Structures are given as C-alpha cells and as structure tokens.
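For this note's numbering, add 20 to where a residue sits in the sequence shown, where the first one is 1.
Heads up, the beta-carbon is just placed ideally off N, CA and C, and yes, glycines get one too.
No experiment lies behind these values; they were computed from the predicted model shown.
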Amino acid sequence: MKQIKKYLLSVVGGVFLAVATISAQETRPNSIDSMTVAQQGGVLNVKLTFKDPLTALPPGFSVAKPARIALDFANTVNGLGKNSQTYNEGDLRSANVVQAEGRTRLVLNLNQVMTYESKIDGNSLLLALTPSAKEGGAPVVEHFAQINPSQTSNSIRDIAFRRGKDGEARITVDLSDPNAGIDIRQQGQNLIVDFVKVTVPDALRKRLDVTDFATPVVSVNTLQQGSNVRMTITPRGLWEHNAYQTDNQFVIEVKPVIENPNKLVQGSRGGYQGEKLSLNFQNVEVRRLLQVIGEFTGMNMVVSDSVGGAITLILKDVPWDQALDIILQQKGLDMRKNGNVILIAPREEIATKEKLEFESKVQISDLEPLRTESFQMNYIKAADVQKLLVDPKQTLLSKRGSALLDDRSNMMFVKDTPSRLDDVREMIAKVDTPVRQVMIEARIVEAGDSFAKNIGMRLGYHDASTGNSGIKVGGNLSDTGYHTGQAADIPIFPTASNSVNLPATPRSGMAGVFSMILFNKSKTAFLNAEISALEADGKGKVISSPRVMTANQIEAIIEQGVEIPYQQATSSGATSISFRKANLSLKVKPQITPDGKVTMTLDINKDTPNTTLSTGAGVAIDTKHVKTEVLVDNGGTVVIGGVYTQTTRDNTQRIPFFGDLPYIGWLFKNREWIDDKTELLVFITPKIVAEGLSVR
Numbered sequence: 021m022k023q024i025k026k027y028l029l030s031v032v033g034g035v036f037l038a039v040a041t042i043s044a045q046e047t048r049p050n051s052i053d054s055m056t057v058a059q060q061g062g063v064l065n066v067k068l069t070f071k072d073p074l075t076a077l078p079p080g081f082s083v084a085k086p087a088r089i090a091l092d093f094a095n096t097v098n099g100l101g102k103n104s105q106t107y108n109e110g111d112l113r114s115a116n117v118v119q120a121e122g123r124t125r126l127v128l129n130l131n132q133v134m135t136y137e138s139k140i141d142g143n144s145l146l147l148a149l150t151p152s153a154k155e156g157g158a159p160v161v162e163h164f165a166q167i168n169p170s171q172t173s174n175s176i177r178d179i180a181f182r183r184g185k186d187g188e189a190r191i192t193v194d195l196s197d198p199n200a201g202i203d204i205r206q207q208g209q210n211l212i213v214d215f216v217k218v219t220v221p222d223a224l225r226k227r228l229d230v231t232d233f234a235t236p237v238v239s240v241n242t243l244q245q246g247s248n249v250r251m252t253i254t255p256r257g258l259w260e261h262n263a264y265q266t267d268n269q270f271v272i273e274v275k276p277v278i279e280n281p282n283k284l285v286q287g288s289r290g291g292y293q294g295e296k297l298s299l300n301f302q303n304v305e306v307r308r309l310l311q312v313i314g315e316f317t318g319m320n321m322v323v324s325d326s327v328g329g330a331i332t333l334i335l336k337d338v339p340w341d342q343a344l345d346i347i348l349q350q351k352g353l354d355m356r357k358n359g360n361v362i363l364i365a366p367r368e369e370i371a372t373k374e375k376l377e378f379e380s381k382v383q384i385s386d387l388e389p390l391r392t393e394s395f396q397m398n399y400i401k402a403a404d405v406q407k408l409l410v411d412p413k414q415t416l417l418s419k420r421g422s423a424l425l426d427d428r429s430n431m432m433f434v435k436d437t438p439s440r441l442d443d444v445r446e447m448i449a450k451v452d453t454p455v456r457q458v459m460i461e462a463r464i465v466e467a468g469d470s471f472a473k474n475i476g477m478r479l480g481y482h483d484a485s486t487g488n489s490g491i492k493v494g495g496n497l498s499d500t501g502y503h504t505g506q507a508a509d510i511p512i513f514p515t516a517s518n519s520v521n522l523p524a525t526p527r528s529g530m531a532g533v534f535s536m537i538l539f540n541k542s543k544t545a546f547l548n549a550e551i552s553a554l555e556a557d558g559k560g561k562v563i564s565s566p567r568v569m570t571a572n573q574i575e576a577i578i579e580q581g582v583e584i585p586y587q588q589a590t591s592s593g594a595t596s597i598s599f600r601k602a603n604l605s606l607k608v609k610p611q612i613t614p615d616g617k618v619t620m621t622l623d624i625n626k627d628t629p630n631t632t633l634s635t636g637a638g639v640a641i642d643t644k645h646v647k648t649e650v651l652v653d654n655g656g657t658v659v660i661g662g663v664y665t666q667t668t669r670d671n672t673q674r675i676p677f678f679g680d681l682p683y684i685g686w687l688f689k690n691r692e693w694i695d696d697k698t699e700l701l702v703f704i705t706p707k708i709v710a711e712g713l714s715v716r
C-alpha cells in the first residue's frame, strides 16, 4: 500500500468541498462491475459491486447546487460498459462514472441535497442516501475542507490581497497546515469565511480597505472568534465568488459580473441558475401563474392584456428561470428584460412593437437636425479615419453625414446626427491609440575551431675530400658536395643541393626546425639532417548583433558595411567603376498577437569581403542569408537558422620506395593533418517595449 495525500477541490454552483486521503494500490486495478438502485421508504439504497473487495471506504464529497454526491475509487477502472446511466429512482436522477489518472469517480446527480452512509459488504459497497435536514431560512454552509478532529494547532501566517488581470479580487490566505476546516457562506451582501480551529496573529487582525484596487471587494475584515477565525469580505455591485486551495494556500476570488439584460439570473455560469421552486397546478390561468413566479422571485412583471389561457404544470425543484422559460415556450410567449422589470407578451406582439420602434428611429434620423463636431487625432492620421467612416461597404455615417479633413492640424470635422456622432466618437477612441513598439535583436554567431599538424624532413650529404671516389647521393657529382644549409660558414659550398628536400609546409607562421650534422675527424665528409614540424590549434568567434526598434506591423531595416568598387565594361568598350555592397543587414516586420507574442517576417544578410579569392575584375564576397517567418514569445529567444561545416584532410608527400620503407620511411616523406570546424547560428529576440523604453 502506498499512501498518497491529495486535496480534491470542487467548485459547482458556489459550493466548495473537500480534503480526502486516497489509498492507491500498486497492484492490478479493481473494477466496478455493476450498480443497482432501490427506494425503500425514505431511504435510497445504492449497491456497487466490485471485482475485488474494497480495503477501505472511498473518500467523497457533496455539492448542494446542483445536488450531487461524488465518490472516488483509487486504482479502479469502469467495468460498467458505459459512462452515464439514467435511473429516476427516488431523488436519484442519474449517475456518471469518469475514469482518469488511475482512479474512477462516481457522481450521483440528485434532485435535492442528501446525506449518505456507506458500508462494505464482501465485494459490494452499500450506500444509504437520506434527504438532508435543513432549518427553514437557514443559509446553506459550504464546507470547503473537512475538519480533522485530531489535527494539531493551525494558524494563519499571512493574508494577501491582489487584483487579477480581469478585475477580480484575489484574497490569498497562507495557512500553516493545509488540513484546516473552512466554511464559506453568503450572508446578505457579505461573504463569510470561517477557518475552524485556526488562530490568527494580532498583526493580521485588522480591516483591509481595498477600495483603491477597483475590484468588486470594498473591504476584508479578519477577526478571532474563540477558537475560530472569521473573515468578512464586503463586495459591491454584481459579483460571484470562487475558491480553491493549493497546499497551504487558500484562495478566494470575487469576480465582477456584467449585467446582461437578456438574462433573468446574472452570472457567468451557464444554464439555469435561479432559486429552485416546485409548482403543481391543474388548469390554472397563465396570468395567475406568472403572478406566482413574480411574487416568488421579487421581479417586477408587466403582462400584456393579450396574454391568456390556462396551463397544467407539475414541476418539482426546478430553477425559477427554467420554469418561466417553460411557460413562455408552451404558450407562445416572449419576454424582454429591462433592469428588474420583465415585459411578457406574445411573440408576434413583441416583434411588431420592436419593428415599429426601429422604423420610428429611422424616420427620426432622417428628420433629426445635424451637428458638427471636430476630432483631434493624436496617434493616427485623420485621412485613415476618414476612410473608415466613408467606406461604401460599411459606412458609420448616415446618408446625410459628411467628414472633412485638415491635414495641417491632423483634425477631422464630422457633420451628422447626435447618435451617429456618438458612434464616431466611440470608434475614434478605440483606434486613436499609441502604436505598440517592438525591439528586435539579432545575434549572428560564427564560431571556428581549426587544427593543423605538419612534419617534414631534409637530408644532405657533403664530401669535401680531394681525390675521393665512389657514389654520391643527391645533387651533381662536383666536389662542391651536398648540404641542407646548416654549415654555411665552414666549409662553404656555393653550389650545394639537398639529397632529400621535403620540409614541413605550414598554412601560416613558421615551422619549428631541429637540425643535426655528422662529420668525420678530418671534417671532409658531412651528413646533415633537418626535421621541421608545426602543430597549430586555433579557436575563434565572431558575434554580430544588429538591433532595431519599430512600430507594430511596420517594416524596419538596419545596415552596416562597405561598398567595394570594381571595374565594369560598358557597351562602348570603355570601363566604369561600379560598387557592390558587403553589408550586415536586418530587415524585419513584427506583428504583436493578442496573447502577447510576436510574429516576425525576417530577412537577415551578412556579407564579408573575401580577399583571398579576389581577382582583377573585383572582390569576392562571402554571403550568409536567412529569410523566414517565426512566432516567438515576448522576450524569448529562438534560433532561426544554422550551418555547420567540418573539413578533414590527411596529405602525404614522399619519395617512392624510400618513403614506404619500414622504420626509416619517415625520413623520406612530408605529412600534413588538417581538421577545421565552422558553425554559424542566428538568434532572434523580440521584446515588446514599454512606454519610455529605448534601444540601448
């Protein structure tokens, strides 16, 4: 058995649960083979049959809105053959089985909040579900974390407030122990968070005024109440909350809700969210039923005189906005919401009324007096704005409107109705903004690693004796003899030559030389030997780093280099001087994406004059060119290209036959080893610059 501790956090309909300890077996997985449901009196019995008996009761948690019970089975797979099953037995509507990450979660979808008791019986797990007892009018408490009675002392180490990128308030509570019991509930307009059996230092027992952060939260007040800590969060306006826990950090987010006039219940969560109600009416008048829903929700309703008829309705624990939607669909009605007032009328009546309103607005615009307003452009050309206004495909001006320009002051004068002027003002406020700028840095790195080794030999024989006879090696048969140059003063051999002349031939520099002379007692016969060798090892790196700053979607280019003159023949036969560029250039066109990345169209060129290959007609140029389009994170670096070259040579020059002799053959040969490596890499780093930042 291996104990793995995890925090299972669920956020469904504003209910947050729970901490669980999961036991994972490192053996073959268990399997859920069957599931049966039976209602006996006020108890709903659920029986789960497994392939192997369970060793411990599974951890689980409950959710109030919507009512659900979830159980987690570690090291277990789904053997039911399907992931969803509809029961409609008692208060159990359906069950979902989800398998992921070595465990299986069983979710029971209920009609109301229920509690359960579990028991292991052989290969089966028995669940007994009963409705939860709730005092009338008592607020629902959301148990975010289960309370461990044996836990040690826990305390709050820090409380931090931060504003999120979407304007939400984020309160972070740093706990000394992650197993703290936490209850969340809404009390009036406040959000109450109770930390059970937790203490808070005196320095953190205070009220935080966070109005200046421009979030839905106005203040956060933290107090010690007996053995518990209570945090009171005071929001304003429309809001919704969310909570989660990661290790020792508990986070509450209060998000602003933008009122949608077309929704009955405000909030970002989808589906029906209204408070649940039950309706049981037989042949009741629709107007009376709408009155009941209006009294239940507190919404103001205006019902048209043409609404009539009767309806039979049996609904149990249905959100009130869903119930209203059902009634409207069944009777062919429609609604329009304005604030907390709902207008209900037949669809045709509402459509006719709205059509008349639109036609009336068109007629008013044709008769409405025109006004003239001037607009000063700061960051955009007035001519570009005029093109947007008078575009024949989608003009923002009415048929009586006009727009005039003053290029000198970059102003535009618009004459149109007040409503169209409001639209023009809103459009200019969105497009007349500072253009974001990007600094692009390119690093062109050329690295070289060269190695060369040369070894060679020169041999000479000298015989200055008179009347000598025999065979001489090398040169001619004159008495001047043969030498390699070591004996230059005494004796002097003005027409001497070498017997073996294969010295080292280095690519650069001078070779090291070791010389040796053997001669007889009378100094008339000399044997000269000269060994030359050179080993060269070189490493080099050339870094070119052009940088340029440009506006978003504007092409920029930066160049540095020389222009090389060369002679060129003309059509008349004469010659003229022309120039050829050898530049380091960077041409780039960036585009900032909505998620903060940078797309770049790049053209990078690095030319270098090659004097070794120059001719009378001109100078050769080594060219390195990259052209591509890449997407890079802001401040990130990417390699857009690279060339790796390696040259290896082994050259040998020797005298036939003698150079192949064993042991002494090296006296009659010259050998050269070369191993050169070069690598070219091109790096690109874009940075979206903030206001006031410049190229340094």
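Item, Value
"Between I204 and Q265, what straight-line distance do the alpha-carbon atoms span, to the nearest angstrom?", "13 angstroms"
"Would you say the stretch 595-606 touches the stretch 535-553, given that touching needs at least three Cβ pairs under 8 angstroms?", "no"
"Which same chain residues, not among the five before or five after F395, have their C-beta less than 6 angstroms away from its C-beta?", "M432, I448"
"Quick one: measure Cβ to Cβ for A115 and V127, integer angstroms, because I've assumed they're closer than 8 angstroms.", "7 angstroms"
"Report the option in G476, A263, Y481 whose CA atom is closest to the CA atom of A545.", "Y481"
"Excluding sequence positions up to five away, which residues of its chain have a Cβ less than 6 angstroms from the Cβ of T705?", "E461, T657"
"Going by DSSP in three states, P438 sits in which element: helix, strand or coil?", "helix"
"DSSP on R456, reduced to helix/strand/coil?", "coil"
"Quick check on this structure: which residue in R182, M319, R225, I176 has the alpha carbon closest to the alpha carbon of L344?", "M319"
"Considering Cα atoms alone, identify which of N360, V274, L333 is closest to G314.", "N360"
"Considering only the beta carbon of each residue, do V277 and P255 sit closer than 8 angstroms?", "no"
"Use the C-beta contact count for L353: other C-beta atoms within 10 angstroms, 16 or more gives buried, fewer gives exposed.", "buried"
"How many whole angstroms separate the CB atoms of L424 and D436, which I take to be in contact at a CB cut-off of 8 angstroms?", "At roughly 12 angstroms, the Cβ-Cβ gap does not stay under 8 angstroms, so L424 and D436 are not in contact."
"Out of curiosity, what's the CA-to-CA distance linking K139 and L147?", "7 angstroms"
"Within the stretch 240-328, note down every full alpha helix (DSSP H) run reaching 4 residues or more, in order along the chain.", "306-317"
"Spatial neighbours of S54 within its chain, please: C-beta separation below 6 angstroms, excluding the five flanking residues on both sides.", "T69"
"What does the alpha-carbon distance come out to for the pair E273 and N262?", "5 angstroms"
"Roughly how many angstroms separate the alpha carbons of P676 and V702, rounded to a whole number?", "49 angstroms"
"My assumption, with CB atoms under 8 angstroms, is that I708 sits in contact with I563. Please give the rounded CB distance.", "Rounded, the Cβ-Cβ distance is 24 angstroms, inconsistent with contact."
"Helix, strand or coil: which one does DSSP assign to T372?", "helix"
"For G257, which residues in the same chain have their Cβ closer than 7 angstroms to its Cβ, ignoring the five residues on either side in sequence?", "P236, P276"
"Pick from G685, I179, V405: whose alpha carbon is nearest that of Q269?", "I179"
"Are the stretch 683-690 and the stretch 644-659 in contact at 8 angstroms, needing three or more beta carbon pairs?", "no"
"Quick check on this structure: which residue in T453, K697, R250, N65 has the alpha carbon closest to the alpha carbon of K401?", "T453"
"Whose CA, out of D695, G328, S605, lies closest to the CA of G558?", "D695"
"From the DSSP secondary-structure annotation, give me the bridge partner or partners of D214.", "D203, R250"
"Could you give the C-beta distance for I364 and Q350, rounded to a whole number, given that I count them as a contact under 8 angstroms?", "Not confirmed; about 13 angstroms, so no contact."
"Note down the Cα distance separating W259 from I191, rounded to an integer number of angstroms.", "15 angstroms"
"Please return the same chain residues whose Cβ sits closer than 7 angstroms to the Cβ of N168, not counting the five positions on each side in sequence.", "Reliability of the predicted coordinates at N168 is poor, the pLDDT of 47 falling under 50, and the value obtained from them is presented with this limitation in mind. Answer for N168: N199, listed in chain order."
"What separation, rounded to the nearest whole angstrom, lies between the Cα atoms of G62 and V338?", "21 angstroms"
"Quick one: what's G480 bridged to in DSSP?", "N548"
"Quick one: grab the DSSP three-state call for K139.", "strand"
"I'd like the list of long-range same chain contacts for H645, defined as Cβ closer than 6 angstroms, with 5 residues on each side in sequence excluded.", "N625"
"Can you tell me whether P78 is buried or exposed? The criterion is at least 16 other CB atoms within 10 Å of its CB, across all chains shown.", "buried"
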